[in-house]
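Trainee:
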Amino acid sequence: MGKTFAEKILALKSGKKSVIVGEIVTVSPDIVMSHDNTAAIAKKFKQIGIDKVKHPEKIVIPLDHCVPAATEKYAANHKEIREFVQEQKIKNFYDINTGICHQVLPEKGHIIPGSLILGADSHTTTYGAFGAFSTGIGRSEVASIWATDEIWLRVPEAIKINIEGEIPSGIYPKDIILHIIGDLGADGALYKAVEFSGKVVKEMDNGGRMTLCNMAVEIGAKIGYVEPDERTIQWLAPKTNKKYEIIKSDDDAEFEKIIDYDISGLEPQVACPHTVDNVKPVSKVAGTKFNQALIGTCTNGRIEDLKIASKILRGKKISNGVRLLVFPASMEVFAQAMELGILQELVKSGAVIMNPGCGPCLGAHEGALASGEVCLSTANRNFKGRMGCKEAEVYLASPATVAISSLYGEITDITRDLK
Amino acid sequence: MSIKRKVWKYGDDVNTDVIFPGKYTYTITDPKEMAIYALEDLDPKFAKEVKKEDIIVAGRNFGCGSSREQAATCLKYAGVGAIVAKSFSRIFFRNAINQGLPLVQCKEAVENISSGETITIDFEKGELSCKKDIFKFPPLPESVLGILKDGGLIPHTKKILKIKEGK
Chain A
1093 MGKTFAEKIL ALKSGKKSVI VGEIVTVSPD IVMSHDNTAA IAKKFKQIGI
1143 DKVKHPEKIV IPLDHCVPAA TEKYAANHKE IREFVQEQKI KNFYDINTGI
1193 CHQVLPEKGH IIPGSLILGA DSHTTTYGAF GAFSTGIGRS EVASIWATDE
1243 IWLRVPEAIK INIEGEIPSG IYPKDIILHI IGDLGADGAL YKAVEFSGKV
1293 VKEMDNGGRM TLCNMAVEIG AKIGYVEPDE RTIQWLAPKT NKKYEIIKSD
1343 DDAEFEKIID YDISGLEPQV ACPHTVDNVK PVSKVAGTKF NQALIGTCTN
1393 GRIEDLKIAS KILRGKKISN GVRLLVFPAS MEVFAQAMEL GILQELVKSG
1443 AVIMNPGCGP CLGAHEGALA SGEVCLSTAN RNFKGRMGCK EAEVYLASPA
1493 TVAISSLYGE ITDITRDLK
Chain B
5 MSIKRKVWKY GDDVNTDVIF PGKYTYTITD PKEMAIYALE DLDPKFAKEV
55 KKEDIIVAGR NFGCGSSREQ AATCLKYAGV GAIVAKSFSR IFFRNAINQG
105 LPLVQCKEAV ENISSGETIT IDFEKGELSC KKDIFKFPPL PESVLGILKD
155 GGLIPHTKKI LKIKEGK
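Protein chains in written order, with the working numbering: chain A, 1093 to 1511; chain B, 5 to 171.
What follows is the structure, encoded as structure tokens:
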């Protein structure tokens, strides 16, 4: 019997010949990521009672969750992080002018196929789009890895999700992953390694694959994974000169489940308040009014997403009473969007262009909601209180759905206009 | 090690945003202050009324969502003695153990426990007794149990490094 990607990579990283599902292994990660939570982690690290991190070269720290600092408290937090970075001689530090961690790490060449990435952020699953084993951990664990270069992981069962068919016009990777989340539920892949495959994934751009892997955690997955191919190699070529080995599941590997989707007839999807798996076709909630629209975050703030939005908004004005916030996921995306004239077009349509970062996704700043308000967002979570107010509602959709809906001031089925 | 305490029962998919809202994640750093906001957006009376070692009993996927460790820390410092659930979200499971907060995964027990009743959990025996019945649950793996016994990952790592130094 062959081995899955998860079994192979965890054997490699734990220095064993082979491992089996359920086994607990001690591994040494290639990259450890933390962000605005680094100051809190540094405090825990000091409690361990040692002065120097074991491998500063493995540590990557982008500031993104509340940038620039919203208040004195946030400013003090950032200051502590900058001081820690200096003290520990951590080279891979990205200050507030860089972008969201999950966009920045691949862009800056930190992610390669066959690497083991652990991050103090649940959406660390994103890097599976490049064939890495990549998952979220807690603050104490990051502190402990800084000290020991080790952590325990359980070898997960694997689930394969085959996505086949022809992508209908107006349908994007976000619609596909929302549909899957709605179908499988918030714990549909709890603790599992989820491999996305099939024709649709093979033909999908890297940005789309990142969207799938980013939201794999919303079905409880330990990792999301896409088998690297020529598209991956080409994307990585200008970003990194690190040598890498592509690790993939054997043809006869044992998957706990193989789930097939044919998305040929898929309608645009939306996750309704207050859970990510409360997914409905947009047509079922069309007409729902909202106050704020958000295009951005680690799920959908990439150049591909901004291109889609600007194409829909070009030459048109967003509805009166709707505020549209656009957060390019990184400064590279921002610059690219500027060069392509996308930002100018969005501004003309009435959008507010914000700086790269997480923005109001976690309710900290830059567009938090008031009681009774509704937001239509391209983000990945819509839990009660998520955007700063528990009496507000958040709907999640693709950049195309958010853009077209901004023109009408109500949730709108983009395929209606295409028919 | 065993505890006998009152139950606070909740449903499925209790997420980290309702356990500890994201808006506090970088502004509240003192664990005792975190405890004031525990379950704020799910059950506002919880943090005010919870007693030392009270037990949370919940459905599937407890702690889903963010990796924020404060979701476990705030419950620990609010006094929670253990959480019994049908299943736990992966990162929350790790965070709770790393904070020295014991977890019990036992679907059958959850289905038979009512809010407000007093239950007993014996961690060594792997046994949970409630009004209706006694339920067995599998013990945690040895390596994981070690972290819990040391009071969490930071004291555990400190101990391990000292042992290594001593050799």
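Even glycine gets a Cβ: it sits at the ideal position worked out from N, Cα and C.
Here the structure is a predicted model, which is why all the values come from computation and not from measurement.
What span of residues does the alpha helix (DSSP H) with B/Glu146 cover, start to end?
Mentor: From DSSP, the alpha helix (DSSP H) with B/Glu146 extends over Glu146 to Lys153.
Trainee: Can you give the Cα-Cα distance for A/Ser1441 and A/Tyr1500, rounded to whole angstroms?
Mentor: If I take the Cα positions, the gap works out to 12 angstroms.
Trainee: How many angstroms separate the CA atom of A/Asp1344 from the CA atom of A/Lys1095?
Mentor: C-alpha separation (whole angstroms): 7 angstroms.
Trainee: In three-state DSSP terms, what is A/Pro1160?
Mentor: Three-state DSSP puts A/Pro1160 in coil, outside helix and strand.
Trainee: Which of helix, strand or coil does DSSP assign to B/Pro159?
Mentor: DSSP places B/Pro159 in helix when its eight states are reduced to three.
Trainee: Which one or two residues does DSSP pair with A/Ser1289 in a beta bridge?
Mentor: Per DSSP, A/Asn1254.
Trainee: Going along the chain, which residues of its own chain have a beta-carbon closer than 6 angstroms to the beta-carbon of A/Gly1191, five neighbours each way excluded?
Mentor: The answer, listed in chain order, is Ala1421, Ser1422, Met1423 and Pro1448.
Trainee: Can at least three beta-carbon pairs, one atom from the segment 23-38 of chain B and one from the segment 59-77 of chain B, be found at a separation below 8 angstroms?
Mentor: Touching, yes, given that three or more Cβ pairs across the two stretches are closer than 8 angstroms.
Trainee: Does the structure place the segment 1468-1482 of chain A close enough to the segment 1311-1318 of chain A that three or more beta carbon pairs sit under 8 angstroms?
Mentor: Not touching, per the Cβ criterion.
Trainee: Please compile the residues from chain B whose C-beta is within a distance smaller than 9 angstroms of the C-beta of A/Glu1485.
Mentor: Chain B residues near A/Glu1485: none, gap ~13 angstroms exceeds 9 angstroms.
Trainee: Since A/Thr1218 contacts A/His1202 with CB under 8 angstroms, what's their CB separation in whole angstroms?
Mentor: About 12 angstroms; that fails the 8 angstroms criterion.
Trainee: Among the candidates B/Ser119, B/Ile32 and B/Lys129, whose CA atom is the shortest distance from the CA of B/Thr77?
Mentor: Of the listed residues, the one whose Cα sits closest to B/Thr77 is B/Ile32.
Trainee: If you count every other CB in all the chains shown that lies within 10 Å of the CB of A/Arg1565, and 16 or more means buried, which is it?
Mentor: Since the first residue shown for chain A is 1093 and the last is 1511, residue 1565 of chain A is missing from the structure and cannot be characterised.
Trainee: A/Gln1436: buried (16+ other C-beta within 10 angstroms of its C-beta) or exposed?
Mentor: With fewer than 16 other Cβ atoms within 10 Å, it is exposed.
Trainee: Determine the chain B residues that contact A/Gln1139 at a beta-carbon separation under 8 angstroms, and present them in chain order.
Mentor: By Cβ distance, chain B contributes Ile158 and Lys162.
Trainee: For the candidate residues A/Thr1240, A/Pro1248 and A/Ile1182, whose alpha-carbon lies nearest to that of B/His160?
Mentor: Ranking the options by Cα distance to B/His160, first place goes to A/Thr1240.
Trainee: Chain B partners of A/Ile1142, CB-CB under 8 angstroms?
Mentor: Leu165, listed in chain order.
Trainee: Spell out whether any CB of chain B is found under 8 angstroms from the CB atom of A/Asp1128.
Mentor: Yes, A/Asp1128 counts as interfacial toward chain B.
Trainee: Count the C-beta pairs between the segment 1134-1151 of chain A and the segment 1374-1387 of chain A that are closer than 8 angstroms, then say yes if the count reaches three, no if not.
Mentor: No, they do not touch.
Trainee: Here's the rule: buried if 16 or more other CB atoms are within 10 angstroms of the residue's CB, otherwise exposed. What is A/Gln1178?
Mentor: So A/Gln1178 ends up on the exposed side.
Trainee: Taking a contact to mean a Cβ-Cβ separation below 8 angstroms, would you say A/Thr1391 touches A/Thr1303 in this structure?
Mentor: A contact, by the Cβ cut-off of 8 angstroms.
Trainee: Using a C-beta to C-beta distance shorter than 7 angstroms, which residues of chain A count as neighbours of B/Lys27?
Mentor: Ordered by position in chain A, the residues that pass the 7 angstroms Cβ test against B/Lys27 are Gly1455, Ala1456 and Gly1480.
Trainee: Note down, in chain order, every chain A residue with its Cβ under 8 angstroms from the Cβ of B/Tyr81.
Mentor: Chain A residues near B/Tyr81: none, gap ~14 angstroms exceeds 8 angstroms.
Trainee: Taking only the alpha-carbon atoms, compute the straight-line gap between A/Pro1198 and A/Ser1463 and give it to the nearest angstrom.
Mentor: If you take the alpha carbons of A/Pro1198 and A/Ser1463, they lie about 37 angstroms apart.
Trainee: Which one or two residues does DSSP pair with B/Cys68 in a beta bridge?
Mentor: Its beta-bridge partners are B/Asn19.
Trainee: Closer than 7 angstroms by C-beta to B/Asp17: which residues in its own chain qualify, once you throw out the five before and the five after it? Chain order, please.
Mentor: Once the five neighbours on either side are set aside, the close Cβ partners of B/Asp17 are Arg64, Asn65 and Cys68.
Trainee: Chain B partners of A/Asn1169, CB-CB under 7 angstroms?
Mentor: Residues of chain B passing the Cβ test: Tyr30.
Trainee: Identify every residue that forms a DSSP beta bridge with A/Asn1184.
Mentor: In the DSSP output, where bridge partners are listed per residue, A/Asn1184 has A/Val1152.
Trainee: Compare the Cα-Cα distances from B/Glu128 to each of B/Ser118, B/Val108, B/Val114 and B/Asp45 and report the closest residue.
Mentor: Residue B/Val108 is the option with its Cα nearest to B/Glu128.
Trainee: If you draw a straight line from the alpha carbon of A/Leu1328 to that of A/Ala1460, how long is it in whole angstroms?
Mentor: In a straight line, the C-alpha of A/Leu1328 is about 35 angstroms away from that of A/Ala1460.
Trainee: Just checking, does the segment 49-59 of chain B make contact with the segment 1247-1266 of chain A on the three C-beta pairs under 8 angstroms criterion?
Mentor: Cβ pair count under 8 angstroms is below three, so no.
Trainee: Is the shortest distance between the beta-carbon of A/Leu1197 and the beta-carbons of chain B less than 8 angstroms?
Mentor: By this cut-off, A/Leu1197 is not an interface position.
Trainee: Based on Cα-Cα distance, which residue from A/Ile1251, A/Glu1348, A/Ile1142 and A/Tyr1283 lies nearest to A/Ile1229?
Mentor: When each option's Cα is compared against that of A/Ile1229, the closest is A/Tyr1283.
Trainee: Using a Cβ distance threshold of 8 angstroms, determine whether the segment 1148-1157 of chain A contacts the segment 1407-1418 of chain A, with at least three qualifying pairs required.
Mentor: No contact exists between the segment 1148-1157 of chain A and the segment 1407-1418 of chain A.
Trainee: By the DSSP assignment, the beta strand (DSSP E) with A/Thr1227 in it spans what residues?
Mentor: Phe1225 to Gly1228 is the span of the beta strand (DSSP E), which, as asked, contains A/Thr1227.
Trainee: Can you check whether the C-beta of A/Thr1504 is within less than 8 angstroms of a C-beta belonging to chain B?
Mentor: No, because no Cβ of chain B sits closer than 8 angstroms to the Cβ of A/Thr1504.
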